[in-house]
Amino acid sequence: MATKDDYAALAEAHWKLPIKGKANPYTSMNGNMFSFLSKEGDICLRLSKDNQTAFWKAHGGEPVKQYGSVMQGYVALSQDVLADEETSRHWFEQCLADAQALPAKPTKKR
């Protein structure tokens, strides 16, 4: 189980990405959320279909579910992946590259 500090160490320390959301920490770019820390303590990353397939082949796992719904495009980093800093950084880099390729979403005025 990862903590908010573990998540921050991965996102902020290496890429200086601000963590948003107090109750549900996440990162976003151009209006697209691309990683989050689940209430169960899983660090979840949004990956392209090709990268998802590669991740599941290498590390196993299944689609991420939140509030009873499958989060399309997300994988959860296992404890084994988190314990290996090089591997967790690699997948976060893939996640970041995939997020940069997404079209920007317009912000909503409140």
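Residue numbers (my numbering): 2 to 111. C-beta: ideal position from N, C-alpha, C; glycine also.
query	result
Whole-angstrom C-beta distance between residue 105 and residue 31, which should lie under 8 Å	4 Å
Coarse secondary structure for residue 59, derived from DSSP in three states	helix
8 Å CB neighbourhood of residue 53 in its chain, flanking five on each side removed	74 and 76
Start-to-end residues for the alpha helix (DSSP H) that takes in residue 89	86 to 102
Residue 84 burial status per 10 Å Cβ neighbour count (16 or more: buried)	exposed
Best match in 18, 45, 66 and 72 for proximity to residue 89 [C-alpha to C-alpha]	45
From 81, 92 and 68, residue whose alpha carbon lies closest to that of residue 2	81
DSSP state of residue 78 mapped onto helix, strand, coil	coil
Residue-level contact to chain C via CB, residue 31, 8 Å cutoff	The structure shown contains no chain C, having only a single protein chain.
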